[in-house]
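Trainee: Please read through the structure below; I'll follow up with questions.
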Amino acid sequence: MTTPFHHLPGADGGAVPPPGCPAHATTGTGPGGLRRLYGPEHENDPMAVYEKLRAEHGPVAPVLLNDDVPAWLVLGHTENLHMTRTPSQFSRDSRRWRLVADGTVPPDHSLAPVFTWQPICVFADGQDHERLRGAVTDSIARIDTRGVRRHINRYSNRLVNSFCQDGKADLVSRFAEHLPMMVMCQILGMAEEYNERMVQSARDMIKGTATANASNAYVMGVLSRHVAKRRAAPQEDFTTWLVEHPAGLTDDEVSQHLRLVLIAAYETTANLIANVLRMVLTDPRFRAQLSGGHMTLPEAVEQTLWDEPPFTTILGRWAVGDTEFGGQQIKKGDALIVGIAAANVDPVVRPDPHASMQGNRAHLAFSGGPHECPGQDIGRAIADTGIDALLMRLPDVQLAVEEDELRYRSALMSRHLIALPVKFAARPPEADTVGPLTTASRTTPQPDWQVDSPGGTSAPHPARVPSPSPQPARSPGHALPQPAAVRTPVVIPSQRRPVAPKRMWQAVTRWWRGH
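Mind the numbering: the sequence shown is residues 3 to 517 in the working numbering, read in order.
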């Protein structure tokens with residue numbers, strides 16, 4: 003076997019160890035001397051790996067994914083924008099990947115949940131993309147933003163109530179990891195499906211672990227059953243809007259898009275919350291600007307999106323034909339990776355990586371082009387509203403360990419804090435107007451199943467749903483109380499959004515009903 007990038011100038015064309023060879027298992031480089039985007043070196047400091055690649059290869063660099071699968075990492079800000087905005091050259095259709103077509107990358111590869119083609123908008127271009135993406139964006143546009151912020155506030159207070167009497171907490175496992183899933187399950191109309199296993203499966207399925215496929219199967223099973231329910235009994239929620247959209251999505255297409263929205267919103271927002279909280283707790287200037295009114299919380303979120311984007315990379319794009327790109331010869335069917343974190347510190351657009359980027363939204367935290375994240379404002383709302391609610395409840399919160407004791411876990415697509423231990427003055431819980439905490443929402447006990455070992459390497463373990471303790475009677479799905487309203491048939495006009503007078507009347511109606 004020759005090096006996967008044998009067409010690179012000066013590349014060694016001799017025999018190299020096969021993918022996954024033990025000879026390279028513990029090093030940061032693999033066949034052909036290419037750097038790995040997995041393993042100890044990348045897990046410990048992915049940004050250092052990106053800078054080495056930039057110095058060695060320029061704005062586009064050859065890399066190895068899990069099991070030494072070759073790909074190209076795009077590091078330059080300008081190059082990333084060009085790639086994401088030019089689907090005629092760089093397609094989102096993963097069926098174009100040569101290594102999948104020839105069997106080099108098997109269907110059960112650990113990154114299969116990320117790259118396997120599915121009938122969803124992120125794997126489509128042209129008219130197919132417009133039809134599917136239109137259904138998603140139309141449905142997102144119908145979400146009541148004010149109502150969502152009310153849910154965020156209430157769920158935030160519910161989570162704080164679960165640990166405020168202790169005087170200490172880990173804000174990753176007790177807050178950041180749970181708030182986005184609670185809110186997203188509510189938006190999707192499946193609050194009853196929120197539990198610890200959904201949280202951990204959502205995080206595990208994009209890591210490239212040996213349990214990623216099982217986690218993906220669990221999430222898809224939950225979503226498929228939910229779609230069947232909504233097809234039979236529609237409600238006023240995001241799932242029903244997708245089911246009933248004029249684009250005519252099949253149940254499978256709806257389920258796949260629900261997974262896309264759920265996982266993308268969950269992982270990015272959980273990481274964003276943790277990263278903003280870390281900056282507030284560790285950077286005196288950051289907190290001083292917030293408390294002094296020189297920076298708003300939404301501005302703090304934007305700064306964090308530059309410095310610590312919740313997704314570090316996105317796989318991927320696939321070359322439609324042979325082309326030269328960033329000084330490299332890209333072959334038809336090659337895989338390319340959107341290098342979000344690397345592009346955000348590209349010296350061409352950001353000579354001083356420590357400079358304030360306040361008021362500048364040119365970061366690539368949500369990608370770009372026709373596939374830019376359509377739900378990014380929901381993620382921003384969950385982060386800034388949730389953090390604001392937490393800081394209002396715990397104004398004296400401070401880090402309980404030294405900053406250099408904080409540890410991260412890195413995978414191909416994301417880098418997140420493992421824990422954020424804090425301390426504060428113990429205080430009593432506030433009245434919870436959304437009903438009692440369920441067994442699923444208490445995060446202290448460990449479940450009797452796992453999807454990933456503490457070290458990040460997979461460990462086979464049968465996934466068993468913990469038996470819930472008896473609960474008092476509650477409304478289905480223990481959802482937030484809603485004002486009584488008669489459901490009317492959903493009628494979506496030909497245009498993407500209602501005309502202005504109708505939107506204004508809807509806003510007045512929501513205000514009158516107390517939303």
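Here a beta-carbon is modelled for each residue, glycine too, at the ideal position from N, C-alpha and C.
1. Taking the DSSP output, what are the residues bridged to alanine 1?
2. Please classify asparagine 82: is it buried, with 16 or more other beta-carbons within 10 angstroms of its beta-carbon, or exposed?
3. Among the residues of its own chain, which have a CB less than 6 Å from the CB of leucine 264, if the five just before and after it don't count?
4. Short check: CB of alanine 421 to CB of aspartate 172, under 8 Å?
5. Using a Cβ-Cβ cutoff of less than 7 Å, which residues in the same chain neighbour threonine 270 once the five nearest sequence positions on both sides are dropped?
6. Can you give me the Cβ contacts of serine 443 inside the same chain, cut-off strictly under 6 Å, excluding the 5 residues immediately before and after it?
7. Decide if alanine 63 is buried, meaning its Cβ has at least 16 other Cβ atoms within 10 Å, or exposed.
8. When the Cα atoms are used, what is the spatial distance from leucine 317 to glutamine 167?
9. Suppose contacts are defined by Cβ-Cβ distances below 8 Å. Is threonine 315 in contact with glutamine 91 by that definition?
10. Inspect the beta-carbon positions of alanine 337 and tryptophan 74 and report whether they are closer than 8 Å.
11. Suppose contacts are defined by Cβ-Cβ distances below 8 Å. Is serine 257 in contact with leucine 225 by that definition?
12. Can you find the residues in the same chain that come closer than 8 Å, C-beta to C-beta, to arginine 151, ignoring five residues on each side of it along the sequence?
13. So proline 61 packs on glycine 328, CB below 8 Å; how close in whole Å?
14. Below 8 Å on the Cβ atoms is my guess for leucine 112 versus alanine 204; work out the distance and round it to an integer in Å.
15. Leaving aside the five residues before and after arginine 232 along the sequence, list all residues of the same chain whose C-beta is less than 6 Å from its C-beta, in chain order.
16. Among all the DSSP beta bridges, which residues are the ones paired with tryptophan 320?
17. I'd like the span of the beta strand (DSSP E) that includes arginine 100, first residue to last.
18. In angstroms, rounded to a whole number, what distance separates the CA positions of methionine 297 and alanine 230?
19. I need the straight-line Cα distance from serine 96 to alanine 402, nearest angstrom please.
20. Can you round the beta-carbon distance between arginine 533 and methionine 222 to whole angstroms, since I take them to be within the 8 Å contact cut?
21. Distance check for tyrosine 268 and lysine 209, CA to CA, integer angstroms please.
22. Contact defined as beta carbons within less than 8 Å: I believe serine 416 pairs with asparagine 273. What is the distance between those atoms, to the nearest angstrom?
23. I need the straight-line Cα distance from histidine 26 to proline 42, nearest angstrom please.
24. Taking all protein chains shown into account, do 16 or more other C-beta atoms lie within 10 angstroms of the C-beta of proline 2, making it buried, or fewer, making it exposed?
25. Three-state secondary structure (DSSP) at isoleucine 384?
26. In this structure, how does DSSP classify threonine 315 when only helix, strand and coil are distinguished?
27. According to DSSP, is glutamine 237 part of a helix, a strand, or is it coil?
28. Which residues bound the alpha helix (DSSP H) around isoleucine 189?
29. Measure the C-alpha to C-alpha separation of leucine 55 and alanine 413 and round it to an integer number of angstroms.
30. Taking all protein chains shown into account, decide if histidine 365 is buried (16 or more other Cβ within 10 angstroms of its Cβ) or exposed.
Mentor: So, to answer that:
1. Any property of residue 1 remains undetermined from this structure, which presents the chain solely from 3 to 517.
2. Here residue 82 refers to the residue found at position 80 when the sequence shown is read from its first residue. So asparagine 82 counts as buried.
3. Here residue 264 refers to the residue found at position 262 when the sequence shown is read from its first residue. Once the five neighbours on either side are set aside, the close Cβ partners of leucine 264 are Met186.
4. As a position in the sequence shown, residue 421 is number 419, starting the count at 1. As a position in the sequence shown, residue 172 is number 170, starting the count at 1. It is a contact, given that the beta carbons lie within the stated cut-off.
5. Locating residue 270 in the sequence shown gives position 268, where the first residue counts as 1. The answer, listed in chain order, is Pro312, Phe313, Gly381.
6. By one-based count along the sequence shown, residue 443 stands at place 441. Only weak support exists for where serine 443 lies, its pLDDT of 36 falling under 50; the value from the coordinates is given anyway. For serine 443, where only same-chain residues beyond five positions count, there are no Cβ hits under 6 Å.
7. Along the sequence shown, one-based indexing puts residue 63 at 61. Buried.
8. Here residue 317 corresponds to residue number 315 of the sequence shown, with the count starting at 1. Here residue 167 corresponds to residue number 165 of the sequence shown, with the count starting at 1. Approximately 43 Å between the Cα atoms of the pair.
9. Locating residue 315 in the sequence shown gives position 313, where the first residue counts as 1. Locating residue 91 in the sequence shown gives position 89, where the first residue counts as 1. No, they are not a contact pair.
10. As a working note, residue 337 is residue 335 in the sequence shown. As a working note, residue 74 is residue 72 in the sequence shown. Yes, these two residues count as a Cβ contact at 8 Å.
11. As a first step, residue 257 is located in the sequence shown; it is residue number 255 there, counting from the start. As a first step, residue 225 is located in the sequence shown; it is residue number 223 there, counting from the start. Their beta carbons are under 8 Å apart, which means serine 257 touches leucine 225 by this criterion.
12. Numbered from its first residue, the sequence shown carries residue 151 at position 149. Hits under 8 Å: Ala383, Thr387.
13. Mapped onto the sequence shown, residue 61 falls at position 59. Mapped onto the sequence shown, residue 328 falls at position 326. With 8 Å as the limit, proline 61 and glycine 328 qualify as a contact, their Cβ atoms being about 4 Å apart.
14. Looking up residue 112 in the sequence shown gives position 110. Looking up residue 204 in the sequence shown gives position 202. Sequence inspection shows serine at residue 112; the leucine mentioned does not correspond to that position. The pair is not a contact, with the Cβ atoms about 16 Å apart (cut-off 8 Å).
15. The residue labelled residue 232 in the question sits at position 230 within the sequence shown. Hits under 6 Å: Thr241, Thr242, Val245.
16. Locating residue 320 in the sequence shown gives position 318, where the first residue counts as 1. Partner(s): Ser93, Ala337.
17. In the sequence shown, counting from the first residue as 1, residue 100 sits at position 98. Element bounds for arginine 100: not the beta strand (DSSP E) but the alpha helix (DSSP H), 100-103.
18. Residue 297 sits at position 295 when you count from the first residue of the sequence shown. Residue 230 sits at position 228 when you count from the first residue of the sequence shown. Between methionine 297 and alanine 230, the C-alpha separation is close to 46 Å.
19. The residue you call residue 96 lines up with position 94 of the sequence shown. The residue you call residue 402 lines up with position 400 of the sequence shown. Cα to Cα, serine 96 sits roughly 45 Å from alanine 402.
20. Here the chain covers residues 3 to 517 and nothing more, so residue 533 does not appear.
21. If you number the sequence shown from 1, residue 209 lands on position 207. If you number the sequence shown from 1, residue 268 lands on position 266. Cα to Cα, lysine 209 sits roughly 14 Å from tyrosine 268.
22. The residue given as residue 416 occupies position 414 in the sequence shown. The residue given as residue 273 occupies position 271 in the sequence shown. Yes, they are in contact, since the Cβ atoms of serine 416 and asparagine 273 sit about 6 Å apart, within 8 Å.
23. Sequence index remark: in the sequence shown, residue 26 carries index 24 (1-based). Sequence index remark: in the sequence shown, residue 42 carries index 40 (1-based). Bear in mind that the predicted position of histidine 26 carries a pLDDT of just 43, short of 50, making it unreliable; the figure below should be weighed with that in mind. Cα-Cα distance, rounded: 12 Å.
24. Because the chain is modelled from 3 through 517, residue 2 falls outside the range shown and cannot be assessed.
25. Position 382 of the sequence shown, counting from 1, holds the residue named residue 384. Note: isoleucine 384 maps to helix in three-state DSSP.
26. Stepping through the sequence shown from its first residue, residue 315 is reached at position 313. Three-state DSSP puts threonine 315 in coil, outside helix and strand.
27. Position 235 of the sequence shown, counting from 1, holds the residue named residue 237. Looking at glutamine 237 - three-state DSSP - the assignment turns out to be coil, as it is neither helix nor strand.
28. As a position in the sequence shown, residue 189 is number 187, starting the count at 1. Per DSSP, isoleucine 189 belongs to the alpha helix (DSSP H) from 181-190.
29. The residue given as residue 55 occupies position 53 in the sequence shown. The residue given as residue 413 occupies position 411 in the sequence shown. If you take the alpha carbons of leucine 55 and alanine 413, they lie about 17 Å apart.
30. Along the sequence shown, read from residue 1 onward, the residue named residue 365 stands at position 363. Per the 10 Å Cβ criterion, buried.
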